[in-house]
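Report on the following structure.
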Amino acid sequence: MVSGTYRIAPSYKKPVVAGGIFTLPKVFRWTPTLALWGATTGVAAIFFCDSITLLRRDVYSKLPIFGSYYSDHVDPEDTPF
């Protein structure tokens, strides 16, 4: 009688996202960190681009909460033209 090891076994594989580099546990682990960095970058971009008149007039003045802060209301007697 020949005794041997059991060679036929089920093949378990991890689910693969984006070509094998990212697995679902890695994606779930990095999601909060990347979301925090993305939000911080967005806030920094808003502060750095605050002095650009085109963005102030076209984008920032239309924000629901902070729009009145960026709207340009100058009295007619204060304008030089």
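Just so we're aligned, residue 10 is where the sequence shown starts under our numbering, counting upward by one. Note that beta-carbon positions come from the ideal geometry of N, C-alpha and C, so glycine has one too.
Ranked by how close their Cα comes to the Cα of D67, the residues Y79, F57, F56, P19 have Y79 in first place.
If the five residues before and after C58 are omitted, its C-beta is found closer than 7 Å to the C-beta atoms of L64, all from its own chain and listed in chain order. When DSSP states are grouped into helix, strand and coil, F31 belongs to the strand group. If you draw a straight line from the Cα of L45 to the Cα of V83, it comes to about 38 Å.
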